[in-house]
Structure formats: structure tokens, C-alpha cells
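Only one structure is covered here, and it is reproduced in the block below.
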Amino acid sequence: MISGTPIRRPYGQQQIHPTDAKQGSKYGPCRLMDIELEVGWFVGTANELGMPVPIEDAADAIFGCGEFFVLFSIADFILFFHLHI
317 MISGTPIRRP YGQQQIHPTD AKQGSKYGPC RLMDIELEVG WFVGTANELG MPVPIEDAAD
377 AIFGCGEFFV LFSIADFILF FHLHI
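Add 316 to the 1-based position in the sequence shown for the numbering used here, that's all there is to it.
Quick look at the structure:
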């Protein structure tokens, strides 16, 4: 996803001002959302535990890759609950 792409954000409770809890809270769309995706390579040849595969041998060792949806973080909601519980 390209930065700036419009997406539907989850709604939840959050502070109006990020550092002043006395200003109250509101219910609204997440402002601090983070989505992370990681790529993993599947290595099919044996190598000693903890030892990297040299880059010049990578084409012979790698047999596939996978994308893993790792994290969907709604930081402003998490911050609100940490400050108010």
C-alpha cells in the first residue's frame, strides 16, 4: 500500500490532546495507525545453525518467499487505555 492511500480506519476512544488528559477524550477514527508486513525467505539447503548463507550462494539456497502480516497497531487507542486504567 502506498503512503497516503485512503483507508477505513478503526474507531475507538482516544484523548483529545496527546499529552494533556485533562482535556478529555473522544470517540473517533484512529490517528496513529501502523501496518507492518514482513518478508521471509525459505532456505532449502543445510547450513550450520546460526551461520548465514553467503550472498553468492543465495540463488541455490532459497526456494521461496512468503509475506507475513505481522502487526496492525492502533497506537492512540493503546495509549488512551494505558493512561486510563
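Where is the CB? At the ideal position from N, CA and C, for every residue including glycine. Treat the numbers as computed from the prediction; the structure is a model and nothing was measured.
Is the beta carbon of residue i less than 8 angstroms from the beta carbon of residue j?
i                 : j             : result
phenylalanine 379 : glutamate 354 : no
threonine 361     : alanine 374   : no
isoleucine 390    : proline 322   : no
Between residue i and chain D, is any beta-carbon pair separated by less than 8 angstroms?
i          : result
serine 341 : Protein chain content of the structure displayed is limited to a single chain, and chain D is not contained in it.
Considering only residues of the same chain and omitting the five flanking positions on each side of residue i, which have a CB-CB separation below 6 angstroms?
i              : result
isoleucine 332 : Gln339, Gly340 and Lys342
Could you check what DSSP says for residue i in three-state terms: helix, strand or coil?
i              : result
glutamate 364  : coil
isoleucine 323 : coil
isoleucine 371 : helix
isoleucine 378 : strand
aspartate 392  : helix
Between the Cα of residue i and those of the options, spot the shortest distance and give me the residue it belongs to.
i                 : options                           : result
phenylalanine 358 : Ile394, Cys381 and Pro370         : Cys381
glycine 344       : Gln330, Glu364 and Val369         : Gln330
arginine 324      : Met349, Glu372, Ala337 and Asp392 : Met349
What I want to know is whether the C-beta of residue i ends up closer than 7 angstroms to one or more non-hydrogen atoms of the ligand MG.
i              : result
isoleucine 323 : Although the ligand MG was asked about, the structure shown includes no ligands whatsoever.
Beta-carbon within less than 8 angstroms of residue i's beta-carbon, same chain only, minus the 5 sequence neighbours each way: which residues are those?
i              : result
methionine 363 : Here the sequence assigns asparagine to residue 363, which means methionine is not the residue at that position. Contacts found: Val369 and Ala377.
For residue i, which residues in the same chain have their Cβ closer than 7 angstroms to its Cβ, ignoring the five residues on either side in sequence?
i            : result
glycine 356  : Cys381, Gly382 and Phe384
cysteine 346 : Arg325, Pro326, Gly328, Ile390, Asp392 and Phe393
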